[in-house]
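Going by full-length UniProt numbering, the first residue of the sequence shown is number 1, and it counts up by one from there. Ideal Cβ positions, reconstructed from N, Cα and C, are used throughout, including at glycine. To start, the structure itself, in structure tokens.
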Amino acid sequence: MTKEVMAEHPPAKDYHDPPPAPLLGFGELKLWSFYRAVIAEFIATLLFLYVTVATIIGYKVQSQKDECGGVGILGIAWAFGGMIFVLVYCTAGISADDVVVCLISSGGHINPAVTFGLFLARKVSLLRAVFYMVAQCLGAICGVGIVKGIMKHQFNRFGGGANVVAPGYSKGTALGAEIIGTFLLVYTVFSATDPKRRARDSHVPVSFVIVAQVLGPLPIGFAVFMVHLATIPITGTGINPARSFGPAVIYNRHKPWHDQVGLFTSPKSFT
Numbered sequence: 001m002t003k004e005v006m007a008e009h010p011p012a013k014d015y016h017d018p019p020p021a022p023l024l025g026f027g028e029l030k031l032w033s034f035y036r037a038v039i040a041e042f043i044a045t046l047l048f049l050y051v052t053v054a055t056i057i058g059y060k061v062q063s064q065k066d067e068c069g070g071v072g073i074l075g076i077a078w079a080f081g082g083m084i085f086v087l088v089y090c091t092a093g094i095s096a097d098d099v100v101v102c103l104i105s106s107g108g109h110i111n112p113a114v115t116f117g118l119f120l121a122r123k124v125s126l127l128r129a130v131f132y133m134v135a136q137c138l139g140a141i142c143g144v145g146i147v148k149g150i151m152k153h154q155f156n157r158f159g160g161g162a163n164v165v166a167p168g169y170s171k172g173t174a175l176g177a178e179i180i181g182t183f184l185l186v187y188t189v190f191s192a193t194d195p196k197r198r199a200r201d202s203h204v205p206v207s208f209v210i211v212a213q214v215l216g217p218l219p220i221g222f223a224v225f226m227v228h229l230a231t232i233p234i235t236g237t238g239i240n241p242a243r244s245f246g247p248a249v250i251y252n253r254h255k256p257w258h259d260q261v262g263l264f265t266s267p268k269s270f271t
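Okay, structure coming up:
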């Protein structure tokens with residue numbers, strides 16, 4: 001009898017999926033929160049590129065005199081992962097009340113690939129996705145421009161932090177590495193913003209829940225760190241179109257543009 005009742009009335013879900021975002025979302029143009037989030041994306045990506053590209057150039061300057069000098073690949077990976085952790089925390093408007101909604105819709109993407117993935121999942125509207133991606137690319141250009149203004153000679157000498165395919169690797173190998181790395185990052189973002197997690201943590205003491213939500217961006221930053229360790233020797237690690245686009249625009253040399261355009265547009269370049 002009990003089984004029959006349970007079959008007729010399945011247990012209700014202990015979590016609620018947020019409603020899908022509107023497809024176009026033109027109504028968001030009337031909201032100040034929309035423009036605030038776009039500005040946050042611009043500033044966050046600017047700071048991200050400034051710190052990380054400056055770290056790359058500084059490492060190359062120091063290691064030129066001493067092969068063991070500078071922060072090394074490990075330090076560069078920490079710079080990328082650490083900045084993502086800090087900036088996602090700052091720009092996502094994270095609170096103990098609604099970390100999922102804030103992280104998805106209030107900025108904190110800092111990556112066009114993440115924004116595009118969230119759009120495909122109907123987490124953000126088309127309008128918001130386009131504005132975010134434009135803001136991210138402009139922020140990346142400005143951030144790298146600041147680095148060039150501060151250390152112009154070193155910037156031009158050591159490649160401007162641009163992504164290039166390392167000698168010994170084909171374009172196809174580089175493309176595969178970037179696809180896997182980007183998938184890992186976007187998968188981590190979706191996992192970190194899964195509403196089911198809050199339901200599973202409902203029995204945990206409030207103090208632990210608050211700590212967990214404050215550290216919400218940690219797995220995202222750690223994913224960035226781990227992917228950089230794996231792919232810096234191959235491509236310098238992209239996994240973020242804005243990160244690759246900004247240095248390519250400011251450095252503006254043939255090889256970075258050729259590698260990026262070739263990877264995504266020319267099947268012949270995979271050989």
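Practice problem: Using alpha carbons as the reference points, say which of M83, P22, C137 lies closest to R243. | Solution: Walking along the sequence shown from the start, residue 243 turns up at place 243. Distance from the Cα of R243 is smallest, within the candidate group M83, P22, C137, for C137.
Self-check item: Cβ pair G181, A248 closer than 8 Å
Solution: If you number the sequence shown from 1, residue 181 lands on position 181. If you number the sequence shown from 1, residue 248 lands on position 248. For G181 and A248, no; Cβs fall outside 8 Å.
Self-check item: Whole-angstrom distance between K65 and A37, CA atom to CA atom
Solution: Sequence index remark: in the sequence shown, residue 37 carries index 37 (1-based). Sequence index remark: in the sequence shown, residue 65 carries index 65 (1-based). So the two alpha carbons sit approximately 43 Å from each other.
Quiz item: Roughly how many angstroms lie between the CA atoms of E178 and I56, to the nearest whole one?
Solution: Your numbering for residue 178 matches position 178 in the sequence shown. Your numbering for residue 56 matches position 56 in the sequence shown. Each residue's Cα considered, the two are about 19 Å apart.
Quiz item: Relative to the alpha-carbon of N163, which residue among I39, F42, V53 has its alpha-carbon at the smallest distance?
Solution: Indexing the sequence shown from 1 puts residue 163 at position 163. Closest option to N163, Cα to Cα, is V53.
Exercise. Look at the alpha carbon of P217 and the alpha carbon of I84, and state the distance between them as a whole number of angstroms.
Key: The sequence position of residue 217 within the sequence shown is 217, counting from 1. The sequence position of residue 84 within the sequence shown is 84, counting from 1. C-alpha separation (whole angstroms): 8 Å.
Practice problem: Mind checking which residues open and close the alpha helix (DSSP H) that includes K65? | Solution: Along the sequence shown, read from residue 1 onward, the residue named residue 65 stands at position 65. 32–65 is the extent of the alpha helix (DSSP H) around K65.
Quiz prompt | Contact belief for H109 with E28 at Cβ below 8 Å, rounded distance in angstroms | solution = Here residue 109 corresponds to residue number 109 of the sequence shown, with the count starting at 1. Here residue 28 corresponds to residue number 28 of the sequence shown, with the count starting at 1. That pair is no contact at about 15 Å.
Quiz item: If you compare alpha carbons, which of A129, L126, K148 is closest to V51?
Solution: Taking the sequence shown and counting its residues from 1, one reaches residue 51 at position 51. Selected option, being the one with the closest Cα: K148.
Self-check item: 7 Å CB neighbourhood of P241 in its chain, flanking five on each side removed
Solution: Taking the sequence shown and counting its residues from 1, the one referred to as residue 241 is at position 241. Cβ within range, chain order: P112, A113.
Practice problem: Have a look at I94 and V88 and give me their C-alpha separation to the nearest angstrom. | Solution: As a working mapping, residue 94 is identified with position 94 in the sequence shown. As a working mapping, residue 88 is identified with position 88 in the sequence shown. The predicted position of I94 is uncertain, since its pLDDT is 37 and thus under 50; a value taken from the coordinates is nonetheless stated next. Whole-angstrom Cα-Cα distance: 9 Å.
Quiz item: In terms of alpha-carbon separation, which member of I239, N252, Y251, G143 lies closest to T115?
Solution: Mapped onto the sequence shown, residue 115 falls at position 115. Here the closest residue by C-alpha is I239.
Exercise. Let me know the secondary structure DSSP gives P19 once reduced to three states.
Key: Counting from one through the sequence shown, the residue named residue 19 turns up at place 19. Residue state, collapsed to three classes: coil.
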